[in-house]
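>
In our numbering, the protein residues as written are 3 to 201.
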């Protein structure tokens with residue numbers, strides 16, 4: 003039997019995972035996996051854990067239990083693995099669908115945040131150092147987060163200091179007219195797109 007390895011828990015920094023299980027696994031390893039699963043379920047409910055991490059541990063726990071049961075001489079029937087996969091597959095499909103839905107909701111929130119940031123920026127005046135809110139792109143993505151990783155446009159000065167590549171990325175993200183090539187007009191349009199006066 004190949005060694006069962008504790009899955010990496012990447013999305014939850016607040017939960018300390020147990021030690022790697024023994025080979026073959028022991029009853030204590032199964033109990034530790036059960037506790038970890040319970041802590042992840044709670045963390046997931048309060049949005050402190052990813053769905054992916056939770057599913058990995060939900061699959062890991064029965065693997066340990068199966069290995070301990072087999073080591074104890076109570077071998078599982080040949081059909082058990084197939085049945086387990088059949089039972090878990092709909093769960094995995096639902097997890098994928100939920101993950102997709104969460105991504106769509108995040109983009110929707112980004113669009114709402116976009117409108118709020120533009121409205122706020124409209125009230126900030128035309129001063130070069132007036133503090134501005136970061137305005138998400140038209141698709142709702144935050145321009146300062148991966149995969150864009152652009153500098154935040156928190157002032158009119160920050161817009162004027164963009165290099166050509168950054169300026170073009172913002173210009174495309176805000177879906178401004180491609181035919182305008184003049185740098186000054188592009189900067190003015192970016193300022194207008196984020197709710198700041200172009201003057």
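Even for Gly, the Cβ is constructed at its ideal location relative to N, Cα and C.
Of all the options 175, 135 and 168, which has the alpha carbon lying nearest to the alpha carbon of residue 142?
When each option's Cα is compared against that of residue 142, the closest is 175.
> In three-state terms, what does DSSP make of residue 123?
Three-state DSSP puts residue 123 in a helix.
> My output table needs one value for residue 1: the three-state DSSP class, helix, strand or coil.
Past the boundaries of the shown model lies residue 1; the chain is included only from 3 to 201, so the question cannot be answered.
> What is the rounded straight-line gap between the Cα of residue 68 and the Cα of residue 18?
Using only the alpha carbons, I get a separation of about 24 Å.
> Verify the contact flag: residue 32, CB atom, against every heavy atom of the ligand ATP, threshold strictly below 6 Å.
The model on display carries no ligand, and the ligand ATP is accordingly not part of it.
> Can you list, in chain order, the residues of its chain whose CB lies under 8 Å from that of residue 156, leaving out five sequence neighbours each side?
Closer than 8 Å at the Cβ level, and outside the excluded window around residue 156, lie 133, 134, 135 and 136.
> Three or more C-beta pairs under 8 Å: does that hold for the segment 113-132 against the segment 188-197?
At 8 Å Cβ cutoff, the stretches touch.
> For residue 59 and residue 85, which I take to be in contact (beta-carbon distance under 8 Å), what is that distance rounded to the nearest angstrom?
That belief does not hold up - the Cβ atoms of residue 59 and residue 85 are roughly 20 Å apart, past 8 Å.
> Who are the Cβ neighbours of residue 42 in its own chain at under 8 Å, not counting the five residues just before and after it?
The answer, listed in chain order, is 11, 14, 17, 51, 55, 56 and 59.
> Does the distance from the CB of residue 153 to the CB of residue 144 come in under 7 Å?
Going by C-beta atoms, residue 153 is not nearer than 7 Å to residue 144.
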